[in-house]
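Heads up: the sequence shown begins at 1 in my numbering, then just goes up one per residue.
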Amino acid sequence: MIVAKRKPFNEIKSLLKGYGKVLNVGCGTCVAVCLAGGEKEVAVLNAELDMARKLEDNPVEMGAITVERQCDMEYLEALDSMVGGYDALLSMACGAGIQFLAERYPDKPVLPAVDTTFIGVNQGVGWYEERCRSCSSCVLGLTGGICPVTMCAKGLYNGPCGGTNKGSCEIDKNQPCAWQMIYERLNAQNRLDCILEITPPSDWQNQIPRTVIQPGYKKPEKG
Ligand code: SF4
Ligand code: SF4
Numbered sequence: 001m002i003v004a005k006r007k008p009f010n011e012i013k014s015l016l017k018g019y020g021k022v023l024n025v026g027c028g029t030c031v032a033v034c035l036a037g038g039e040k041e042v043a044v045l046n047a048e049l050d051m052a053r054k055l056e057d058n059p060v061e062m063g064a065i066t067v068e069r070q071c072d073m074e075y076l077e078a079l080d081s082m083v084g085g086y087d088a089l090l091s092m093a094c095g096a097g098i099q100f101l102a103e104r105y106p107d108k109p110v111l112p113a114v115d116t117t118f119i120g121v122n123q124g125v126g127w128y129e130e131r132c133r134s135c136s137s138c139v140l141g142l143t144g145g146i147c148p149v150t151m152c153a154k155g156l157y158n159g160p161c162g163g164t165n166k167g168s169c170e171i172d173k174n175q176p177c178a179w180q181m182i183y184e185r186l187n188a189q190n191r192l193d194c195i196l197e198i199t200p201p202s203d204w205q206n207q208i209p210r211t212v213i214q215p216g217y218k219k220p221e222k223g
């Protein structure tokens with residue numbers, strides 16, 4: 001899932017400066033699961049903003065709605081009849097959801113309330129760890145299911161580098177060397193031949209926005 005964390009309160013408050021009526025839009029999927037931007041977090045943030053602005057003698061009227069997914073136009077329709085009544089929209093979705101909201105309502109300021117952080121896993125309640133940087137050329141089949149782009153400090157597709165030291169990374173001795181872990185995993189699986197396979201330099205595809213169209217689907221014509 002996409003993992004995000006709420007922005008510092010004062011940053012959010014500052015973004016809303018000058019707006020008297022704001023609709024806070026939560027997202028019911030990834031950011032709800034990672035406790036950053038679901039229905040509960042919308043209610044908590046609204047209560048904090050309400051109190052802070054009252055104390056400043058500059059009240060704000062905060063509306064609240066949480067849609068199933070902000071990155072899916074079909075779920076944004078529910079907002080169409082509400083948005084006109086607000087000065088600005090605050091979004092607690094990931095960066096993709098925030099941008100989709102801004103695209104649908106180009107006349108409204110759309111402001112982010114969370115920082116989108118990584119694609120990760122849930123290790124425990126409130127504890128998330130990065131696992132993927134969406135490089136578009138997944139090599140997990142050769143690396144024993146350990147992502148070198150995410151877990152290696154240099155993001156090496158072919159490793160280890162010369163700095164690996166007794167299982168630790170040269171960048172931080174508390175950080176295990178990703179390529180040592182890959183070696184051990186492949187060794188345990190009798191697949192060490194995989195580590196000898198050279199992965200060519202990545203044709204980095206994330207310098208421009210990438211598009212995925214699944215087999216059997218096509219991009220609709222515009223207009
Ligand atoms: S190699 Fe790593 S960053 Fe690239 S797609 Fe696979 S898991 Fe994600
Ligand atoms: S020591 Fe290991 S994890 Fe650290 S940069 Fe080198 S190969 Fe990557």
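For every residue, glycine included, the Cβ atom is placed at its ideal position computed from N, Cα and C.
| Whole alpha helix (DSSP H) elements within the stretch 152-187, 4-residue minimum | none
| task | Evaluate contact between the stretch 126-136 and the stretch 179-192, counting only Cβ atoms and requiring at least three cross-stretch pairs below 8 Å. | result | no
| Which residues in the same chain as Ala64 place their Cβ atom closer than 6 Å to its Cβ, once the five residues preceding and following it in sequence are excluded? | Here residue 64 refers to the residue found at position 64 when the sequence shown is read from its first residue. These residues qualify, in order along the chain: Asn24, Val42 and Asn46.
| task | Just mark Pro200 as buried or exposed, buried being the case when its beta carbon has 16 or more other beta carbons within 10 Å. | result | Within the sequence shown, the letter at position 200 stands for residue 200. Counting Cβ neighbours within 10 Å, Pro200 comes out exposed, since fewer than 16 surround it.
| request: Could you tell me whether the Cβ atoms of Leu49 and Ile12 are closer together than 9 Å? | output: Mapped onto the sequence shown, residue 49 falls at position 49. Mapped onto the sequence shown, residue 12 falls at position 12. Taking 9 Å as the Cβ cut-off, Leu49 and Ile12 qualify as a contacting pair.
| task | Please report the residue range of the beta strand (DSSP E) in which Tyr128 lies. | result | As a first step, residue 128 is located in the sequence shown; it is residue number 128 there, counting from the start. Taken as a continuous stretch (DSSP letters only), the beta strand (DSSP E) holding Tyr128 covers Trp127 to Cys132.
| request: Give the secondary structure of Gly95 by DSSP, where H, G and I count as helix, E and B as strand, and everything else as coil. | output: Here residue 95 refers to the residue found at position 95 when the sequence shown is read from its first residue. Looking at Gly95 - three-state DSSP - the assignment turns out to be helix.
| query | Helix, strand or coil: how does DSSP classify Ala4 here? | reply | Here residue 4 refers to the residue found at position 4 when the sequence shown is read from its first residue. Of the three classes helix, strand and coil, the one that applies to Ala4 here is strand, per DSSP.
| request: Name the two residues that bound the continuous alpha helix (DSSP H) containing Glu39. | output: Looking up residue 39 in the sequence shown gives position 39. Note, Glu39: alpha helix (DSSP H), Glu39 to Leu55.
| task | Would you please state the rounded distance, in angstroms, between the beta carbons of Ser202 and Cys135? I believe it to be under 8 Å. | result | Residue numbering aside, residue 202 sits at position 202 when the sequence shown is read from its first letter. Residue numbering aside, residue 135 sits at position 135 when the sequence shown is read from its first letter. Correct: roughly 6 Å between the Cβ atoms.
| field | the stretch 204-217 contacting the stretch 144-163, beta-carbon criterion three pairs below 8 Å | value | no
| task | Return the Cβ separation of Ala52 and Met92 in integer angstroms, given the expectation that the two are a contact with Cβ distance under 8 Å. | result | In the sequence shown, the residue the question calls residue 52 occupies position 52. In the sequence shown, the residue the question calls residue 92 occupies position 92. Going by Cβ atoms, the distance from Ala52 to Met92 rounds to 17 Å, so no, they are not a contact pair.
| field | Three-state secondary structure (DSSP) of Thr150 | value | Indexing the sequence shown from 1 puts residue 150 at position 150. Three-state DSSP puts Thr150 in a helix.
| task | Return yes when the C-beta of Arg131 is under 8 Å from any heavy atom of ligand 1, and no when it is not. | result | Walking along the sequence shown from the start, residue 131 turns up at place 131. Yes, Cβ of Arg131 sits closer than 8 Å to a heavy atom of ligand 1.
| field | Contacting residues, own chain, Cβ-Cβ under 8 Å from Ile198 (five flanking each side not counted) | value | Working through the sequence shown from its first residue, we reach residue 198 at position 198. Cβ neighbours of Ile198 beyond the five flanking positions: Asn158.
| request: Tell me whether Lys166 counts as near ligand 2, meaning its Cβ is closer than 8 Å to at least one heavy atom of that ligand. | output: On the sequence shown, residue 166 is found 166 positions in, with the first residue counted as 1. No - ligand 2 has no heavy atom lying nearer than 8 Å to the Cβ of Lys166.
| Proximity below 9 Å, CB of Val60 to CB of Ala78 | Here residue 60 corresponds to residue number 60 of the sequence shown, with the count starting at 1. Here residue 78 corresponds to residue number 78 of the sequence shown, with the count starting at 1. For Val60 and Ala78, no; Cβs fall outside 9 Å.
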